[in-house]
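Numbering (the numbering used here), first residue to last: 5 to 460.
Even glycine gets a Cβ: it sits at the ideal position worked out from N, Cα and C.
Only a predicted model underlies this, so the values are computations on that prediction, with no experimental measurement involved.
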């Protein structure tokens, strides 16, 4: 029986490997489904971008976004890596840039916006994006707009903060608003509560001229690639493999045994910072009141004694683009779990449209062990068309390197790999030459954090 909502076919229980027939989407179609190319006019440090994403979850839990300020030449890019579902990542991708932009605007300008809102009942818009492809239903949009207006009014009434505190405030305030919206959820489908049940990391690059400001809460990475193939890792990973992050969590919860076990926080999370995931932030009384009636007792985390255990508060850093820099990569952990930064830079630098091949596995295997066994024995391949986008090429090589599989039954694909999201921002060398003398380049060490500029 053919399933119209996915790429898989259902066969009888007999284990087989078959080539896809022509009526199904090709491997190249699947790879290129979310492929994006964008060229920027002169006046920006970025000349053009390539982006793509391929899911392991259905639907894919990750997304990305970009936005330009309507008031200056600033531009933002971000990758949002969801967990337990896609709701939180899409909400954060849609809302976070507006919170960040408001935090960076002068107080006088915010006061003028508030006056216009009161006088003309105008919707506030500080940003524009070509990637803004989906919209919230009006009932949800009204709630989000009310939260945002309240935030702007508070910003206008407070004393200005420095850059680091302003960006942290934006992250933390959006997370707080999402928490309040979940607790006040009166919708029939409990959409706000579902957003609260899911989570998302956020890694954002804000460019103003050659100055890049980095805000990250999660385990996506920002890496600069140079013309001679060196990598500069600009952000940390907030996961259980980061000893500094684990130490931070343990110090916040002294005496709690088994807090990080089997490579997970509370036996469930690998990322130690994220939006949402409120069952790891709320106390037991709040979980019992708001979540248990809808999701059952299983939503109460084991050994949760002194929440919150995770935070949306980001690390903030900065970097100045150098003449030797060729591109900037922002990618989710689905890429970095497969390739180290220097390999990613090498793949992009050496990208040439070539024919590649991936294995196709289409039978409905009941056990993952059967899949492992077949992968060891079989060598069935299908040609993939030319990959013009370096972002698509990077994902393809990741699939080949890690699993040699692109199309695998939904119930198994997550056991093999993670979602993959890639943004490649190519630097406008003419812009750099004109403006390089205005700013000093930072010193760095290959494949290490830019310690002189990254604030942790």
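{"Query": "Per-residue burial, residue 154 [other beta carbons within 10 Å of its own, 16 or more giving buried]", "Result": "exposed"}
{"Query": "Three CB pairs or more closer than 8 angstroms across the segment 197 to 209 and the segment 170 to 187", "Result": "yes"}
{"Query": "Length of the line joining the Cα atoms of residue 439 and residue 88", "Result": "44 angstroms"}
{"Query": "Exposure of residue 143, with buried meaning 16 or more beta-carbon neighbours within 10 Å", "Result": "exposed"}
{"Query": "Residue burial classification, residue 26 (beta-carbon count within 10 angstroms, cutoff 16)", "Result": "Reliability of the predicted coordinates at residue 26 is poor, the pLDDT of 37 falling under 50, and the value obtained from them is presented with this limitation in mind. The residue in question, residue 26, is exposed, as its Cβ has fewer than 16 Cβ neighbours within 10 Å."}
{"Query": "Whole-number beta carbon distance between residue 81 and residue 97, since they are thought to touch under 8 angstroms", "Result": "11 angstroms between Cβ atoms; not a contact."}
{"Query": "Where residue 323 falls: helix, strand or coil (DSSP)", "Result": "strand"}
{"Query": "For residue 283, three-class secondary structure by DSSP", "Result": "helix"}
{"Query": "Residue 277 versus residue 99: straight-line alpha-carbon distance, rounded", "Result": "18 angstroms"}
{"Query": "Secondary structure of residue 121, DSSP reduced to three states", "Result": "helix"}
{"Query": "Alpha-carbon spacing of residue 305 relative to residue 234, whole angstroms", "Result": "43 angstroms"}
{"Query": "Simplified DSSP assignment, three categories, for residue 337", "Result": "helix"}
{"Query": "Secondary structure, alpha helix (DSSP H): runs of 4+ residues fully inside the segment 147 to 201", "Result": "167 to 187 and 195 to 201"}
{"Query": "Reduced DSSP category for residue 440 - H, G, I as helix; E, B as strand; rest coil", "Result": "helix"}
{"Query": "Cα-Cα separation between residue 225 and residue 241, rounded to whole angstroms", "Result": "7 angstroms"}
{"Query": "Complete beta strand (DSSP E) runs within the segment 213 to 249 (minimum length 3 residues, chain order)", "Result": "215 to 221, 225 to 230 and 235 to 237"}
{"Query": "Runs of alpha helix (DSSP H) wholly within the segment 77 to 126 (minimum 4 residues, chain order)", "Result": "91 to 108 and 111 to 124"}
{"Query": "Option nearest residue 314 by Cα separation, candidates 282, 151 and 194", "Result": "282"}
{"Query": "Residue 207 (DSSP reduced to helix, strand or coil)", "Result": "strand"}
{"Query": "Continuous beta strand (DSSP E) stretch holding residue 351: start and end", "Result": "Residue 351 -> not in any beta strand (DSSP E); alpha helix (DSSP H) instead, spanning 345 to 353."}
{"Query": "Residue 434 - DSSP class collapsed to helix/strand/coil", "Result": "helix"}
{"Query": "Beta-bridge partners of residue 425, as assigned by DSSP", "Result": "57"}
{"Query": "CA-to-CA distance, residue 59 to residue 90, given in whole angstroms", "Result": "11 angstroms"}
{"Query": "Contact the segment 101 to 115 vs the segment 293 to 312: 3+ CB pairs below 8 angstroms", "Result": "no"}
{"Query": "Residue 498 (DSSP reduced to helix, strand or coil)", "Result": "The structure shown does not extend to residue 498, since the chain is modelled only from 5 through 460, so no value can be given for it."}
{"Query": "Buried/exposed call for residue 93, threshold 16 Cβ in 10 Å", "Result": "buried"}
{"Query": "Selected residue, minimal CA-CA separation from residue 41, among 32, 56 and 132", "Result": "56"}
{"Query": "Beta-carbon proximity of residue 430 to residue 51, cut-off 8 angstroms", "Result": "yes"}
{"Query": "Start and end residues, alpha helix (DSSP H) containing residue 292", "Result": "288 to 294"}
{"Query": "N- and C-terminal bounds of the beta strand (DSSP E) containing residue 2", "Result": "Given that the chain is displayed from residue 5 to residue 460, the structure contains no residue 2 and the question cannot be resolved."}
{"Query": "Distance CB(residue 239)-CB(residue 217) smaller than 8 angstroms", "Result": "no"}
{"Query": "DSSP bridge partner residues for residue 73 (one or two, in chain order)", "Result": "131"}
{"Query": "Spatially closest choice to residue 196 from 354, 204, 165 and 183, by CA coordinates", "Result": "183"}
{"Query": "Other residues of its chain near residue 181: CB distance less than 6 angstroms, five sequence neighbours each side excluded", "Result": "151"}
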